[in-house]
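To get the working numbering, take the position in the sequence shown, counting from 1, and add 2.
Written below as structure tokens is the structure these notes are about.
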Amino acid sequence: MRKLVLSGFLASEEIYINQLEALLLPMKPLKATATTSQPVLTLQQIETIFYKIQDIYEIHKEFYDNLCPKVQQWDSNITMGHLFQKLILAVRTLLYKPIDRVTRSTLVLHDLLKHTPSDHPDYPLLQDALRISQNFLSSINEDIDPRRTAVTTPKGETRQLIKDGFLVELSEGSRKLRHVFLFTDVLLCAKLKKTAVGKHQQYDCKWYVPLADLVFPSPEESEHCPQVHVIPDHELEDMKMKISAIKSEVQKEKANKGQSRAIERLKKKMFENEFWLLLNSPAIPFRIHNRNGKSYLFLLSSDYERSEWREAIQKLQKKDLQAFVLSSVELQVLTGSCFKLRTVHNIPVTSNKDDDESPGLYGFLHVIVHSAKGFKQSANLYCTLEVDSFGYFVSKAKTRVFRDTTEPQWNEEFEIELEGSQSLRILCYEKCYDKTKLNKDNNEIVDKIMGKGQIQLDPQAVQTKNWHMDVIEMNGIKVEFSMKFTSRDMSLKRTPSKKQTGVFGVKISVVTKRERSKVPYIVRQCIEEVEKRGIEEVGIYRISGVATDIQALKAVFDANNKDILVMLSDMDINAIAGTLKLYFRELPEPLLTDRLYPAFMEGIALSDPAAKENCMMHLLRSLPDPNLITFLFLLEHLKRVAEKEPINKMSLHNLATVFGPTLLRPSEGESKGHLTLASDIWSHDVMAQVQVLLYYLQHPPISFTELKRNTLYFSTDV
3 MRKLVLSGFL
13 ASEEIYINQL
23 EALLLPMKPL
33 KATATTSQPV
43 LTLQQIETIF
53 YKIQDIYEIH
63 KEFYDNLCPK
73 VQQWDSNITM
83 GHLFQKLILA
93 VRTLLYKPID
103 RVTRSTLVLH
113 DLLKHTPSDH
123 PDYPLLQDAL
133 RISQNFLSSI
143 NEDIDPRRTA
153 VTTPKGETRQ
163 LIKDGFLVEL
173 SEGSRKLRHV
183 FLFTDVLLCA
193 KLKKTAVGKH
203 QQYDCKWYVP
213 LADLVFPSPE
223 ESEHCPQVHV
233 IPDHELEDMK
243 MKISAIKSEV
253 QKEKANKGQS
263 RAIERLKKKM
273 FENEFWLLLN
283 SPAIPFRIHN
293 RNGKSYLFLL
303 SSDYERSEWR
313 EAIQKLQKKD
323 LQAFVLSSVE
333 LQVLTGSCFK
343 LRTVHNIPVT
353 SNKDDDESPG
363 LYGFLHVIVH
373 SAKGFKQSAN
383 LYCTLEVDSF
393 GYFVSKAKTR
403 VFRDTTEPQW
413 NEEFEIELEG
423 SQSLRILCYE
433 KCYDKTKLNK
443 DNNEIVDKIM
453 GKGQIQLDPQ
463 AVQTKNWHMD
473 VIEMNGIKVE
483 FSMKFTSRDM
493 SLKRTPSKKQ
503 TGVFGVKISV
513 VTKRERSKVP
523 YIVRQCIEEV
533 EKRGIEEVGI
543 YRISGVATDI
553 QALKAVFDAN
563 NKDILVMLSD
573 MDINAIAGTL
583 KLYFRELPEP
593 LLTDRLYPAF
603 MEGIALSDPA
613 AKENCMMHLL
623 RSLPDPNLIT
633 FLFLLEHLKR
643 VAEKEPINKM
653 SLHNLATVFG
663 PTLLRPSEGE
673 SKGHLTLASD
683 IWSHDVMAQV
693 QVLLYYLQHP
703 PISFTELKRN
713 TLYFSTDV
């Protein structure tokens, strides 16, 4: 495969060299006439026309001459990374043109890396060449010709577009999707007009603020801003399920070569649902204020995004800007230019993606945040991790605060669920404990972002069983982290423990018999600790605990260590909640059993309430006693957690979403007949699993004794 990649590149390189030779042919006679009394072109004109072409030719000719024999006399161990490294360095130092050759080289380097073993001598050289090439192209993009991103005002001045994107504005109590344009001296908020088919699309300006008049309100001034209505989590999760179900239907239609009209109808419905999610998910306020008294409020899903907009505006405000008022003609010209100048063309929803675009990663990303360095003075430091999901970024994890240091050593591991994700963002904050900086609008202290960075989650690079270490550089700060990815199909496997001792991966009946208890000790202790000090914890069971803490607790429970109670009392409550979830997830078969799984799926789909009641209760009675008693014990605990929903934000639906798949998901052998696409994590089965647990959570208290004795519940064999 490496040889095929290189052969194709060599062919294009040969054509390129021939083109350069053709350009050089007229240069010599033109130079010869330049010194005569009747020159065709002056030396300066010749230098401009043929700028660096001779040098470019020599660089590429040398590269071709060195690479060609290596490809012709192919050996899998042959090295050529140094040739690419030399080529990229030479072209970068020589000039910015022709960019397309650097771009082509970058694409080839990507392909070569995919098919070069990591232990091959070429691998680090190719990686370095790719890094240099990408940095070079990034600098080109930053210095792109201003005329392509600028509009000329009626006064003859140039107004350049710096940044644009879709943001949700809270206007008169309603959420509106706006396209926001940041120019060198003005921020413009626009809406795309509805136009007839075939007519030129245009933007309608909703408002604008000259940057000279734009200020960011202080936390104290935010007190008078309108309260942000947040959509309940369970409504957002319901919509995600609907979107994933439609995605699954689209894939099935395509696989069965269904009618294009049916596929388009499904895609339209998916777009409507994704648009609703994009509009209603953001909850992070981003306020701007006009000195003349008018304020505007955007809602963002990511602190990273809010920081980008704020920094871009503040950077422009450092220039000598003057206040102004646009005339109707000037505003019309500026708004009219937006359609041509915009860099973001489509609403960021997955239904807008082309079929050949990457669907992203589905599964679990394990990330260890090791350390950071480069801080100029000691501070209280922590990191957050964000990934994109359903077209927008969400915060997924947060490290502990490392106090009073310039080199924090977190060494914390997190398990992050990916839903079509393509990027990982890391933000580094300084923790603020000053109560005077409290944001009265949302009762949160505003911490300072010290740096932020982003990496692409390349499916080829991350889908290995090994940890991959990387560094993100941000404002002079370097954050070191490691990551590995577990695909959805791998994470669905239940692997029985090979040990005869311990509790994880061991049948629940074996554990209860060994312990001479009705409910496993690990379940009782974790639930007791959560109810003692975590029942009011915001996001309990939803927020991930530190993976290293969870693994430590797992080891202690498996070893039946005498210090379990002491360790539990000192451990972070989210780690304890995570340990309980991990225990149920690692059972060799689900708590509600493989045998009964099809019946649970059929029972929850029944429409008649009486028939559903009869079926669902009979299924509980059919469970083995250890499974049933443990399930009822957990059920009552989750109900008590949901009673604190106003404080912990965990409703019955949220808890069902967290625990449903864990308690019902079939083991590997059984799951093959039930799972839809592995990449579709919110499949029909997952929706049904959530609904099964939600049914029991919403049911009046169920007594084990009454359930076993009650003859009202009758059924044929399952």
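C-beta: ideal position from N, C-alpha, C; glycine also.
Over what stretch of residues does the beta strand (DSSP E) that includes residue i continue unbroken?
i	result
Ile474	470 to 476
Ala374	363 to 375
Pro212	205 to 212
Lys165	160 to 173
Leu794	Only positions 3 to 720 of the chain appear in the structure, and residue 794 is not among them; the question remains open.
Asn258	Where Asn258 is concerned, there is no enclosing beta strand (DSSP E), given that its DSSP letter is neither H nor E.
Ile457	450 to 458
Measure the C-alpha to C-alpha separation of residue i and residue j and round it to an integer number of angstroms.
i	j	result
Gln75	Cys385	50 Å
Leu32	Leu22	16 Å
Asp406	Ala399	22 Å
Asp235	Asp572	30 Å
Ile17	Gln40	35 Å
Arg711	Pro626	15 Å
Thr337	Asp206	7 Å
Leu2	Ala152	With the chain covering only 3 through 720, there is no way to say anything about residue 2.
Ile286	Cys528	33 Å
Ala325	Ser425	39 Å
Gln700	Ala247	24 Å
Tyr210	Val331	14 Å
Leu280	Ile55	49 Å
Gly422	Ile457	15 Å
Ser519	Val513	8 Å
Val252	Lys270	11 Å
Ile524	Gly536	16 Å
Ile61	Val42	29 Å
Thr730	Asp130	An answer regarding residue 730 cannot be provided, because it is not within the stretch 3 to 720 covered by the chain.
His655	Arg267	29 Å
Thr81	Phe586	50 Å
Leu216	Asn292	5 Å
Pro702	Leu657	17 Å
Ser165	Leu190	Going by the sequence as given, residue 165 is Lys instead of Ser. Each residue's alpha carbon lies about 11 Å from the other.
With 16 as the cutoff for other CB atoms within 10 Å, does residue i come out buried or exposed?
i	result
Val692	buried
Arg642	exposed
Arg180	buried
Trp311	buried
Gln723	This structure leaves residue 723 out entirely; the chain is present only between 3 and 720.
Arg263	exposed
Trp469	exposed
Thr118	buried
Ser135	buried
Glu307	buried
Phe183	buried
Gly10	exposed
Gly175	exposed
Phe185	buried
Val346	exposed
Ser380	exposed
Phe416	buried
Ile649	exposed
Leu387	buried
Residue i lies in the alpha helix (DSSP H); which residues open and close that run?
i	result
Trp278	262 to 282
Met619	611 to 623
Leu636	627 to 645
Tyr523	523 to 535
Asn20	4 to 26
Arg711	706 to 711
Shorter than 7 Å from the beta carbon of residue i to some beta carbon of chain B?
i	result
Tyr53	The structure shown contains no chain B; it holds only a single protein chain.
Q | Every unbroken beta strand (DSSP E) inside the region 176 to 200 [3 residues or more] | A | Qualifying beta strand (DSSP E) stretches, in chain order: 176 to 185, 188 to 194.
Q) Along the chain, which unbroken stretches of the beta strand (DSSP E) at least 3 residues long are found entirely within the region 292 to 336? A) 297 to 302
**Q.** At least three beta-carbon pairs within less than 8 Å, the region 372 to 380 to the region 540 to 555
**A.** Fewer than three beta-carbon pairs drawn from the region 372 to 380 and the region 540 to 555 are found closer than 8 Å, and the two stretches are therefore not classed as touching.
Q: Decide yes or no for the touch test of the region 586 to 601 against the region 478 to 489: beta carbon pairs closer than 8 Å, at least 3 of them.
A: no
Q) Do the region 105 to 117 and the region 62 to 78 meet, that is, are 3 or more Cβ pairs less than 8 Å apart? A) When C-beta atoms of the region 105 to 117 are compared with those of the region 62 to 78, fewer than three pairs fall below 8 Å, so the two segments do not count as touching.
Q) Can you give, in chain order, each stretch of the beta strand (DSSP E) that sits fully within the region 366 to 434 and has at least 3 residues? A) Whole beta strand (DSSP E) segments, 3+ residues: 381 to 391, 394 to 400, 404 to 407, 411 to 423, 425 to 432.
(Q) Does the contact criterion of 3 or more C-beta pairs under 8 Å hold for the region 572 to 581 versus the region 602 to 612? (A) Here the region 572 to 581 does not lie against the region 602 to 612, with fewer than 3 beta-carbon pairs under 8 Å apart.
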